[in-house]
Each structure stands twice: as C-alpha cells, then as structure tokens.
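Quick note: the sequence shown uses my numbering, first residue 3, plus one each step. Using N, Cα and C, we set each Cβ at its ideal position, and we do this for glycine too. Below: one structure, written as structure tokens.
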Amino acid sequence: MAFSFRLASTTKPRVLRALGATMEEFKLNHPYWVRIIGWVFLPIMLGVSIWCLFLPVWYQRYEFLLFLSAAFLGGGCLYMTVHGLKTLPFMNAVITLSDKGISVKNGSKCTSVQWSSILKVRHVESAQILHLYDSQGNRFLSVTEYLKGFSILVDCLNDKSGLEL
C-alpha cells in the first residue's frame, strides 16, 4: 500500500486533517489473508448455506419449526455469502483515491469514477461489505471492511461526494 501526501489544499477528509496533510493519491487494497479467505471460504459457505436451506427436504421431515429454523440459519448465511461473493471480482483490485475520484484497477481493466458521479453507497453491516454505484446505477466497486484504508475511503466518500453510510 502506497501513500502520498502533499502539504497544501483546502478540502481535506477528516483522516487527513487529523494527520495534518492532504490527499494527493491513496492506493488501497485487501490484505492477502482476506483474499485467501474470500476465494476459499466463500464458495464453501455458499454450499453450506444451500445445504442448511434444504435440510428438511433432505431428511424428509416436513415440520414447521424445522423449516423455520432451516430458513433462518440457511437464509441468513446465504444473504451474507451472496454479498461476500460480490466482492470477489474486486479482491485483487488496487483502488486509488485522488482529489478527482476513485480509480479501480483490476488486472488490465481500469475504471475511473468522479466523486460527483457516485450515486449510491450501500453498506451491508451484517456482511461487512460496502457497495458503490455510479450515476448509471451500475456497481463499480464492492469491498470488505478489512480493506487497508477502509476508514479513509469512507471519509473521502463523506467529504468529497457528500454520501453517508
């Protein structure tokens, strides 16, 4: 993770004001352990959550409480797993924050979005996932709260685009 600081600017995110510097460019990414857990654990959890949903059918026990508990356990796990799976395309991405906007470089593909073009922020607290949408309503970034510099991203979103979590 690389950080660059410049010493003169008028609009500063809270984190940078606390540091006494301004943002020229921040590069953020997920730690390796989060990437490994994401690529290995999330597909396993998808299978486990589907298995939990079909337990009453598997054991041919059609009781209301068994269906309710299977729906509660499997449904909650499936909900969080699906949001986690949405982060997999961005696990290896390098996210660059600048005064102009957010740039997401994922392999050979690079997407740049200006701060004013960010239409919606969706924070799924139960899954610890943050989804960002552009002005066309397309999701251009999904990250976990374990992203290195997540608080800087949130502060920049609040200060530069005016969107709150």
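Check, Outcome
"Rounded straight-line distance, which links the Cα of Pro-45 to that of Gln-116", "33 Å"
"Integer Cβ distance of Phe-92 from Ser-144, believed to fall under 8 Å", "5 Å"
"Beta-carbon proximity check, Ile-120 vs Phe-28, cutoff 9 Å", "no"
"Other residues of its chain near Leu-57: CB distance less than 8 Å, five sequence neighbours each side excluded", "Leu-68, Ala-72, Gly-76"
"Beta carbon of Val-126 nearer than 9 Å to that of Leu-165", "no"
"Beta-ladder partner(s) of Phe-43, from DSSP", "Per DSSP, none; premise fails for Phe-43."
"Length of the line joining the Cα atoms of Ile-97 and Ile-52", "32 Å"
"DSSP-derived helix/strand/coil call for Asn-160", "helix"
"Alpha-carbon spacing of Ile-38 relative to Tyr-148, whole angstroms", "13 Å"
"Residues near Tyr-2 in its chain [Cβ-Cβ closer than 8 Å; skip 5 each side]", "Residue 2 lies beyond the residue range present for the chain, which begins at 3 and ends at 167; the question has no answer from this structure."
"C-beta contact flag for Lys-162 and His-133 at 9 Å", "no"
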